[in-house]
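Sequential numbering from 337 applies to the sequence shown in our numbering.
Step one of this worksheet: look at the structure below.
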Amino acid sequence: MLDATRLTALRQEMATNKYDAFLVPLADAHQGEYIAPCDKRLKWLTGFTGSAGMAIVRTHDAAIFVDGRYTVQVAREVDLETFSHQHLHNNPPAKWLRAHASKGERIAYDPWLHTPAQIKLLEAEVTAAGATLVAATQNPIDAIWHDRPARPLADVIAYAEEMAGESASARRARIGELIRGAGTDRLVLTLPDNMAWLMNVRGGDVAYNPMPQGFIILAASGTADWFIEDAKLARARSEIDLEGVTIHTPDAFLPTLADYANTGETIWLDGNWCPAICAQTVTRAGGTVHDAPDPVLHAKAHKNEAEMAAMRAANARDSVAWVKFLHWLDANAAKRAAAGQPITELEAADAILGYRKEANQFMEPSFESISATDGNAALCHYAPTAKAQASVGADSTYLLDSGGQYLDGTTDTTRSVPIGKISDEYRDRYTRVLKGHIALARLRFPKGTKGHHIDAVARIPLWQAGLDYDHGTGHGVGVCLSVHEGPQRIGKAVNDVELAAGMTITNEPGYYEADKFGIRIENLCEIVESEDGFLELNDLTLVPIDTRPIDFSLLTKSEVDWLNAYHARVRAELMPQVSGADADWLMRATEAV
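In structure tokens, the structure reads:
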């Protein structure tokens with residue numbers, strides 16, 4: 337909950353700088369999905385621990401903006417008498433400021449924590465209200481956060497060329513050609529996964545993200561300036577391909593960028609991802625900003641054969657961990673519930689983590705497991721805590737969305753499991769989600785298809801019953817990188833990225849009934865090209881799909897055939913990797929229906 341002294345101190349600091357309002361996003365200088373403790377300013381100020389949000393603090397009021405996933409959580413964690421609760425998408429910060437800012441007010445922001453695209457939107461609304469958007473020279477929270485954690489200094493490791501399929505110098509030369517082809521001189525990289533991919537390194541500065549933080553300025557020639565703490569490189573420097581790379585401290589990033597811009601260079605920045613201060617630095621120094629999508633995003637999304645082989649191997653090992661977990665859950669959930677010692681959500685999350693640790697090359701989870709029973713599973717991004725968790729009851733439903741980071745790949749899988757009696761409502765919804773999953777899994781589509789073109793395929797069985805789900809249907813996954821990797825995705829929103837062979841994508845339709853249950857069936861897939869040139873999905877996830885909740889009257893013969901073929905493949909590929917009771921369970925779970 338809110339420490340009122342912090343808000344008071346922030347307002348005093350704002351007054352010193354003549355700020356009438358200050359924006360506090362959940363963001364870092366790298367716009368990462370997960371951020372280090374030292375960057376969790378929103379949590380420090382408000383108590384909110386969710387993964388998306390922003391606060392606006394003014395001299396006499398304050399607001400916190402979160403999306404629909406966190407309606408319950410924000411009420412638990414934030415003093416809503418001090419911060420008014422606003423919907424992040426229905427009433428976003430820019431719109432709220434347009435309605436609340438007064439003429440002449442100075443609305444301040446940290447230019448490291450907002451992108452140029454975000455600032456453009458905010459500036460338009462703030463200006464329309466007669467106020468002024470001001471870039472703070474120092475974040476006022478940093479000035480009052482006296483016990484702020486230190487910046488992370490995790491060791492960097494070299495990523496083997498055998499798994500990367502290409503040397504780092506070759507990658508830099510390849511991207512350099514794209515920089516030159518765009519008529520630009522240099523490219524600024526601030527996304528950690530893009531830098532890790534480009535340099536063939538991995539790290540551990542932020543939980544769930546095996547990559548180091550830093551900045552890179554890559555020249556059209558393929559040479560690079562890498563801004564990273566030297567201490568991170570101490571162990572592996574001799575193993576990293578540093579041909580044409582100059583190492584600098586992070587503090588030298590903006591001065592070096594300004595030096596290049598001062599010579600009149602054109603600097604390529606991705607305005608949707610880089611900090612606004614990068615564009616501001618280039619412009620002030622007399623350079624030209626080329627605002628376009630980061631070419632590394634697309635290059636990284638198109639996996640080569642070595643990368644895909646690594647992903648297949650990692651996902652196969654992860655699927656074995658899932659088999660062991662599902663067997664454990666099946667053998668213990670109902671029995672322990674009847675004995676009055678039910679499995680807790682955290683215990684279940686710890687159980688699959690334990691099975692993953694048995695696997696070769698496992699590093700850490702790829703995100704915080706969504707281990708949820710009954711109504712908690714209706715919260716799409718729920719995560720249990722020791723103080724707030726439920727148990728798996730005798731007649732309940734359970735959902736686990738969980739993944740692992742392995743040295744050779746990243747995984748993301750969801751399974752929904754009934755414990756005990758199955759209601760007619762759950763059975764119907766489960767079957768419709770499965771039908772949507774199968775429809776996308778079986779889909780063949782032409783080159784040039786984009787994610788929003790095929791999103792409805794997975795929703796039609798739910799739509800036919802007047803139902804839907806409020807999240808995307810698929811996202812990319814990196815190779816020992818981010819579990820949510822763009823730019824490809826499958827969803828309702830228009831995404832102007834063509835799906836292509838060599839990309840990864842999840843297949844994860846779902847359905848959520850508030851306070852009752854949540855259902856999601858998710859496999860990670862690779863996009864492959866068939867002999868006739870059409871594209872289709874090949875499952876990387878090989879985990880049995882629970883057949884007990886299926887209403888077979890809703891399935892067609894071809895859908896049953898797909899399910900049986902999938903389970904036959906799961907059995908054939910995983911049976912050599914399990915033994916004893918786990919093998920017996922796998923045989924039962926993959927029986928033809």
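For every residue, glycine included, the Cβ atom is placed at its ideal position computed from N, Cα and C.
Here the structure is a predicted model, which is why all the values come from computation and not from measurement.
Three-state secondary structure (DSSP) of C861: Taking the first residue of the sequence shown as position 1, residue 861 is located at position 525. Three-state result, C861: strand.
Rounded C-alpha distance that separates K786 from N843: Here residue 786 refers to the residue found at position 450 of the sequence shown. Here residue 843 refers to the residue found at position 507 of the sequence shown. In a straight line, the C-alpha of K786 is about 14 angstroms away from that of N843.
Sequence ranges, beta strand (DSSP E) only - wholly within the stretch 607-657, length at least 3: 624-627
DSSP-derived helix/strand/coil call for G440: Position 104 of the sequence shown, counting from 1, holds the residue named residue 440. Coil.
Reduced DSSP category for D791 - H, G, I as helix; E, B as strand; rest coil: For the purposes of this step, residue 791 is identified with residue 455 of the sequence shown, where counting begins at 1. Three-state DSSP puts D791 in a helix.
Close-in-space but distant-in-sequence residues of the same chain around A687 (CB under 7 angstroms, 5 per side omitted): Locating residue 687 in the sequence shown gives position 351, counting from the first residue. Excluding positions up to five away in sequence, the list reads F661 and W664.
Exposure label - P429; buried when at least 16 CB within 10 Å: For the purposes of this step, residue 429 is taken as the residue at position 93 of the sequence shown. It counts as buried.
Close Cβ partners of A345 (< 6 angstroms) along its chain, the five nearest in sequence each way excluded: Your numbering for residue 345 matches position 9 in the sequence shown. Same-chain partners within the cutoff: I480.
Alpha-carbon spacing of A615 relative to V625, whole angstroms: Against the sequence shown, residue 615 aligns to sequence position 279. Against the sequence shown, residue 625 aligns to sequence position 289. Approximately 7 angstroms, taken between the alpha carbons.
Per DSSP, the bridge partner or partners of E834: Walking along the sequence shown from the start, residue 834 turns up at place 498. Bridge partners of E834: K786.
CB of A714 within 8 angstroms of CB of D851, strictly: Translated into positions along the sequence shown, residue 714 becomes position 378. Translated into positions along the sequence shown, residue 851 becomes position 515. For A714 and D851, yes; Cβs fall inside 8 angstroms.
Residue span of the beta strand (DSSP E) that contains P823, given as start and end: Taking the sequence shown and counting its residues from 1, the one referred to as residue 823 is at position 487. Start and end: E821 to I826.
Rounded straight-line distance, which links the Cα of P361 to that of D882: Along the sequence shown, one-based indexing puts residue 882 at 546. Along the sequence shown, one-based indexing puts residue 361 at 25. Their Cα atoms are separated by approximately 40 angstroms.
Which of helix, strand or coil DSSP assigns to A560: Looking up residue 560 in the sequence shown gives position 224. A560: strand per DSSP, three-state reduction.
N-terminal and C-terminal residue of the beta strand (DSSP E) that V470 is part of: One-based indexing of the sequence shown puts residue 470 at position 134. Run containing V470: T468 to A471, per the beta strand (DSSP E) assignment.
Cross-strand partners of T750 (DSSP beta bridge): In the sequence shown, the residue the question calls residue 750 occupies position 414. DSSP output for T750 lists D737 and E858 as bridge partner(s).
Validate contact between the stretch 442-462 and the stretch 603-620 using beta carbons, cut 8 angstroms, 3 pairs: yes
Buried or exposed by the 16-neighbour rule on C-beta atoms within 10 Å, applied to T520: Within the sequence shown, the letter at position 184 stands for residue 520. Result: buried.
T382 and I371 closer than 8 angstroms at C-beta: Taking the sequence shown and counting its residues from 1, one reaches residue 382 at position 46. Taking the sequence shown and counting its residues from 1, one reaches residue 371 at position 35. No. Outside cutoff.
Contiguous alpha helix (DSSP H) assignments of at least 4 residues, all confined to the stretch 872-923: 893-910
Candidates R856, M699 and R508: closest to M547 by CA position: Translated into positions along the sequence shown, residue 547 becomes position 211. It is M699 whose Cα lies nearest to the Cα of M547.
H396, buried or exposed, once every other Cβ within 10 Å from all chains shown has been counted against 16: Position 60 of the sequence shown, counted from the first residue, corresponds to residue 396. So H396 ends up on the exposed side.
CB of A597 within 8 angstroms of CB of G558, strictly: Stepping through the sequence shown from its first residue, residue 597 is reached at position 261. Stepping through the sequence shown from its first residue, residue 558 is reached at position 222. Their beta carbons are not under 8 angstroms apart, which means A597 does not touch G558 by this criterion.
Check whether R508 and W604 have beta carbons under 8 angstroms apart: Indexing the sequence shown from 1 puts residue 508 at position 172. Indexing the sequence shown from 1 puts residue 604 at position 268. No, the Cβ-Cβ distance between R508 and W604 is not below 8 angstroms.
Whole-angstrom C-beta distance between V769 and P845, which should lie under 8 angstroms: The residue labelled residue 845 in the question sits at position 509 within the sequence shown. The residue labelled residue 769 in the question sits at position 433 within the sequence shown. Right, their Cβ atoms sit about 5 angstroms apart.
Of the listed residues A465, R516 and G810, nearest to A435 (C-alpha basis): For the purposes of this step, residue 435 is identified with residue 99 of the sequence shown, where counting begins at 1. Nearest option by C-alpha distance: A465.
Stretch pair the stretch 640-656 + the stretch 733-743: three plus CB contacts closer than 8 angstroms: yes
D804 CB to nearest heavy atom of the ligand SAM below 7 angstroms: Absence of the ligand SAM from the depicted structure is noted, as is the absence of any ligand whatsoever, leaving it without description.
Cα-Cα separation, A555 to N859: Within the sequence shown, residue 555 is the residue found at index 219, counting from 1. Within the sequence shown, residue 859 is the residue found at index 523, counting from 1. About 39 angstroms.
Collapsed DSSP secondary structure at I371 in the structure displayed: Position 35 of the sequence shown, counting from 1, holds the residue named residue 371. Note: I371 maps to coil in three-state DSSP.
Three-state secondary structure assigned by DSSP to R780: Your numbering for residue 780 matches position 444 in the sequence shown. Strand.
Buried/exposed call for H425, threshold 16 Cβ in 10 Å: Taking the sequence shown and counting its residues from 1, one reaches residue 425 at position 89. H425 should be labelled exposed.
Between the CA atoms of F563 and V537 - distance to the nearest angstrom: Here residue 537 is taken as the residue at index 201 of the sequence shown, counted from 1. Here residue 563 is taken as the residue at index 227 of the sequence shown, counted from 1. When rounded, the distance between both Cα atoms is 14 angstroms.
Three-state secondary structure (DSSP) of G517: Within the sequence shown, the letter at position 181 stands for residue 517. If DSSP states are grouped into helix, strand and coil, G517 belongs with the helices.
Alpha carbon of D832 to alpha carbon of S727, nearest angstrom: As a first step, residue 832 must be located in the sequence shown, where it is residue number 496. As a first step, residue 727 must be located in the sequence shown, where it is residue number 391. C-alpha separation (whole angstroms): 43 angstroms.
Sheet register partners of P361 (DSSP bridge): Along the sequence shown, one-based indexing puts residue 361 at 25. Its beta-bridge partners are M390.
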